[in-house]
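Residue numbers (the numbering used here): 421 to 485. We put the beta carbon where it would ideally sit given N, CA and C, even for glycine. Bear in mind the structure is a predicted one, so any value in this text is a computation, not a measurement.
Written out as structure tokens, the structure reads:
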């Protein structure tokens, strides 16, 4: 995913799987050469803090009733 958009999210996955996929893409696009678990953890925390709530809302709204 790019640009913080949620339109590429697969409908057949649950919300948390989509968030993990989003975080994975964001972390690896911002720093593809993480060297250890500590760097990965820090990068994940930084990206988690930057998730736009609109993305979460769109995911929630996309869930079937």
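In chain order, what residues of the same chain lie with their CB nearer than 6 Å to the CB of residue i, ignoring the 5 residues before and after it?
i, result
"residue 427", "Note that residue 427 scores 47 on pLDDT, short of 50, meaning its location in the model is unreliable and no value can be drawn from it."
"residue 434", "none"
Are the beta-carbon atoms of residue i and residue j separated by less than 8 Å?
i, j, result
"residue 447", "residue 469", "no"
"residue 438", "residue 479", "yes"
"residue 443", "residue 467", "yes"
Distance, Cα to Cα, residue i vs residue j?
i, j, result
"residue 453", "residue 477", "31 Å"
"residue 483", "residue 475", "13 Å"
"residue 422", "residue 451", "Because residue 422 carries a pLDDT of 47, less than 50, the predicted location of this residue cannot be relied on, and the following value inherits that uncertainty. One C-alpha to the other measures close to 14 Å."
"residue 455", "residue 449", "15 Å"
"residue 473", "residue 436", "14 Å"
Looking at the C-beta of residue i, does it have a partner C-beta in chain B at a distance below 8 Å?
i, result
"residue 483", "Although the question refers to chain B, the structure presented lacks it and comprises just one protein chain."
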